[in-house]
Each structure stands twice: as C-alpha cells, then as structure tokens.
Amino acid sequence: MNKRKIILGIIVIFLCYLFYWTFEPYSLNPFSNKPISQSQSQNNLNCDNLNSFRLKADSIVNSAINKNAFLATSTGVYSEKCGNWLSTAGFLNKGNQEKPTKNSQFRIASISKPMTAIAILQLYEKGKINLDLSIQNYLHEFAKKEKGDITIRQLLNHTSGIPHYKSDLGIFNFTHYNNCVKALEKFENRELVFKPGTEFLYSSFGYTLLGAIIEKVSGKSYQSYMQENVWKPANMINTNVAQTKTKVYIKLGNHFYRSPKNNLSYTYSGGGIQSTAEDLIKFGKAVLNYKFINPSTTELMIQLTNNENEEMEYTFGWDNWKSPKFGKVIEHNGVQVGSSSYFRIYFDEKVVVATLANNLNSSEEVRDLSIELSYLLLEMEKE
Numbered sequence: 000m001n002k003r004k005i006i007l008g009i010i011v012i013f014l015c016y017l018f019y020w021t022f023e024p025y026s027l028n029p030f031s032n033k034p035i036s037q038s039q040s041q042n043n044l045n046c047d048n049l050n051s052f053r054l055k056a057d058s059i060v061n062s063a064i065n066k067n068a069f070l071a072t073s074t075g076v077y078s079e080k081c082g083n084w085l086s087t088a089g090f091l092n093k094g095n096q097e098k099p100t101k102n103s104q105f106r107i108a109s110i111s112k113p114m115t116a117i118a119i120l121q122l123y124e125k126g127k128i129n130l131d132l133s134i135q136n137y138l139h140e141f142a143k144k145e146k147g148d149i150t151i152r153q154l155l156n157h158t159s160g161i162p163h164y165k166s167d168l169g170i171f172n173f174t175h176y177n178n179c180v181k182a183l184e185k186f187e188n189r190e191l192v193f194k195p196g197t198e199f200l201y202s203s204f205g206y207t208l209l210g211a212i213i214e215k216v217s218g219k220s221y222q223s224y225m226q227e228n229v230w231k232p233a234n235m236i237n238t239n240v241a242q243t244k245t246k247v248y249i250k251l252g253n254h255f256y257r258s259p260k261n262n263l264s265y266t267y268s269g270g271g272i273q274s275t276a277e278d279l280i281k282f283g284k285a286v287l288n289y290k291f292i293n294p295s296t297t298e299l300m301i302q303l304t305n306n307e308n309e310e311m312e313y314t315f316g317w318d319n320w321k322s323p324k325f326g327k328v329i330e331h332n333g334v335q336v337g338s339s340s341y342f343r344i345y346f347d348e349k350v351v352v353a354t355l356a357n358n359l360n361s362s363e364e365v366r367d368l369s370i371e372l373s374y375l376l377l378e379m380e381k382e
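Take the sequence shown: its position 367, counted from the start at 1, is 366 in numbering that gives the first Met the number 0, and no numbers get skipped.
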C-alpha cells in the first residue's frame, strides 16, 4: 500500500511539474530574480524642442514594463513635423529571455480591420465593387439570409447583422483554412442577428467576408493582395498574416502563461495579421499621405455622421471621433489570445502612435501607453 502511495505521489509531482513548464508561469516584478529588459529606443525626432522626448518616453515605457503591464512591447510615435521614435522592451520568450527588436513581429489582432477596409476601398475606387450591392454579386458561395441582403457598406461599418463569436472561447480555432473563402465555413450556417442596416454589432466574421470578397474580385489570395497593394507600397517589410508557431502569452494577475496555439486562418482579414510598431507607423503615414486611396475615398472611409460629435463612432474599419483639443482622431485596438494592441492617428495633427504587446489582458495598458506617449509628443511640439 505504501509503495502505491509513493508511486502515486511521484506521478502527481511529475504532472504538476509538467503543467508548470507547459504554461511557464513567470512574474515580471521587482522581486523576480530575472531582470526585466528595459526600453531600447531609437530616436529619429529632429525638432529642437523635442531633445528631451527620448528620456521622458523611455521612462514611461520602463514604468509600464516594470509594473507588469505586458511581457514584451513594441511601441512608437511619429510626427509629420519632427520624425519618429521607436522602442522595444520586455521578453518575447520568457523561457530564454529573448528581447524584442524593432523587427520583432507581434499579432495586431483587430488592427487588421483598417487594412482590410482600405483594400476594399481600393477595389471600390477601381470600379470593381459597389458598396451598396448585395454581397452575392461578388461572393455566390455565401448563401442569402432570411433577414435580408447584406451589402459591403454594412460589412465595413458592422451593421450587416453577421454574428460575432458565440463566446470568449469562440476565438479559438484549430482548423487551417487555405483562404478567406474557405474560412466562411466557420460561420456560414449561422443566422443574422438582425435585419441588415438596422443595428450595430461588431463582427470579426463580417471582415472575414470582406477578405473573401477581396479574394474573389482580385483573383489573388488575401495575403498576396495585401502584400502587393497595401504592405509593399507603404514599405511595411515586417507585416504578413500571422503564423500559428508564434509564441504568445496570457496575463493573469502578475503572471504570464503560455497561450494555447490558435490558428488565425479563419480571421486573417479581421484579426490575423502580424506586424511591428515601426510598420504600423509606416501604415499610418501612408494613410495620412493618401498613398492607398485618394482624399475623397479617405474621407468616405472616416466620415462621421455628425462632425461635431465627440462620441466615438465606427466608420469603415476605424473607431472615429473628434477631439476638442486635437481634432479628428481615427483608431483601432486589438484584443486576442496572445495579443493586446492599439493604434491611433491624429488626422489633423499628422501624428501616429502604435503599441503592441505579446499577451492577452493588457488592452488598457497598451492604450494608456499609446495615449501618454502621443500626448507627450503633441504637447512638446507646441512648446
């Protein structure tokens, strides 16, 4: 009997050990015996009144990383007047303490949506799609729904009635889909939540449909179209669709745990892109300089229903609002297993900010860091 207890005890200890190292719990705090990688920044700001920006910005990033805001971060700000500043900090892989560089890719989650919206509007500019026709004109594979016809415009601004994930667990996917059209299988049999055009419901699946339309109309894969028409023109050399092998984490309390692998092929166009803060800065610059679409189409993309409204409104791929102090602001966040991200363009001020983290449950922290850094830049520019 004692022998059985000993064997059982050994098995329990082994399983506990296996569980521990599978999920690699690790706390980044001042009492940890592993030093935290601090801000490694590149300062390309060329305005005299911004000489002290790097010191202040590095301090802000270090404060966040030392408070367990995220495991690793890539962040940056850009000003049309003065240039850009980029920083990385923390650990990409806490097992071997790999530090991020400016070329390290992070999953950007729903920041993928503005890129997809721009791709759709490029096809609109070329006369290849009509925003107000039924999507079956371009995508006969997707059956019509009882509650009514869906248009591309409704997919862009989340008024189509296409459902979102059924629950938090709905974001997990273990099936690989070869393209966006094939990925429609994941939700094509679900009914609409409401009659198209009558309500608002944020839906990543709606953007999977937009990715499928891009593929059908262009005759290219989503990845190929984006590479040729969005990422390459903006010189976004470290941007592509996310790979399952990427090591990502979930933050619980002050600990970071390895996330289960999640295949993002079902939502490449809605949340499946990986990039860097530097590439997102380039993306923002290209939007401001009308490199992707012309000024009138850009205005269509970000036009508010009420131009005096300071409340946030979702336009074509963007959260959009008017700041009393800084004018038009367009932005998007990203929340996903293994990812917290935030991206903002101060359209009138010509300032861009992006912050990426490699763990879930840091969405407030990446937003706060982005806003603090961009406000610092905006205020110092005016001094």
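Even glycine gets a Cβ: it sits at the ideal position worked out from N, Cα and C.
The structure displayed is predicted, hence computed values, not measured ones.
Output the residue ranges of the alpha helix (DSSP H) runs that lie fully inside the region 195 to 243 and measure 4 residues or longer, sorted by chain position. Listed in chain order, the alpha helix (DSSP H) runs fully inside the region 195 to 243 are 203 to 217, 221 to 225, counting runs of at least 4 residues.
Going by DSSP, name the residue or residues bridged to S73. T87, L355
In the DSSP assignment, find the unbroken beta strand (DSSP E) run with N42 in it and report its ends. 39 to 44
So N65 is in the beta strand (DSSP E); what residue range does that whole segment cover? Per DSSP, N65 belongs to no beta strand (DSSP E); it is in the alpha helix (DSSP H), 52 to 65.
Can you check which of these residues, Q302, Q96, K93, I107, is closest to V334 by C-alpha distance? I107
Are the beta-carbon atoms belonging to L91 and S103 less than 8 Å from one another? yes
Sorted by chain position, which residues of the same chain lie with C-beta nearer than 6 Å to M114's C-beta, five sequence neighbours on each side aside? V229
Candidates K324, G337, F325, Y341, of which the one nearest H331 by Cα: Y341
Is it buried or exposed, E310, if we count other Cβ atoms within 10 angstroms and call 16 or more buried? exposed
Which first and last residues belong to the alpha helix (DSSP H) in which I301 is found? 294 to 301
Can you name the start and end residues of the alpha helix (DSSP H) that F325 belongs to? Neither: F325 is in no alpha helix (DSSP H) and is coded neither H nor E.
Let me check one thing: in DSSP terms, what residues is G82 bridge-paired to? L44, S78.
Status (buried if at least 16 other CB within 10 Å, exposed otherwise) for S322: Flag for S322 reads exposed.
Among residues of its own chain, excluding the 5 on either side of R189, which ones have a beta-carbon nearer than 6 Å to its beta-carbon? P162
Selection from S78, K324, N178, L377 that minimises the alpha carbon distance to A285: S78
Span separating the alpha-carbon of Y265 from that of I272: C-alpha separation (whole angstroms): 12 Å.
Taking the Cβ atom as the reference point for each residue, do E140 and V180 lie within a distance shorter than 8 Å? Yes. Within cutoff.
Quick one: complete alpha helix (DSSP H) runs, 4+ long, within the region 139 to 188? Within the region 139 to 188, the complete alpha helix (DSSP H) segments at least 4 residues long are 151 to 155, 179 to 182, listed from N- to C-terminus.
Rounded separation between G126 and I151 - CA only: 14 Å
Rounded C-alpha distance that separates L376 from E364: So the alpha carbons of these two residues sit roughly 18 Å apart.
By the DSSP assignment, the alpha helix (DSSP H) with Y374 in it spans what residues? 362 to 381
Could you tell me which residues DSSP pairs with K435 in its beta bridges? Here the chain comprises residues numbered 0 to 382, so residue 435 is not present and cannot be evaluated.
Reduced DSSP category for W20 - H, G, I as helix; E, B as strand; rest coil: Confidence at W20 is low in this model, with a pLDDT of 45, below 50, so the placement of that residue should be treated as unreliable; the coordinate-derived value is given next. If DSSP states are grouped into helix, strand and coil, W20 belongs with the helices.
Could you pull out every residue in the same chain whose Cβ sits closer than 7 Å to the Cβ of W320, ignoring the five residues on either side in sequence? E309, E310, M311, E312, V328
Boundaries (first-last residue) of the beta strand (DSSP E) holding Q273: 272 to 274
Look up E277 in the DSSP assignment and say whether it is helix, strand or coil. helix
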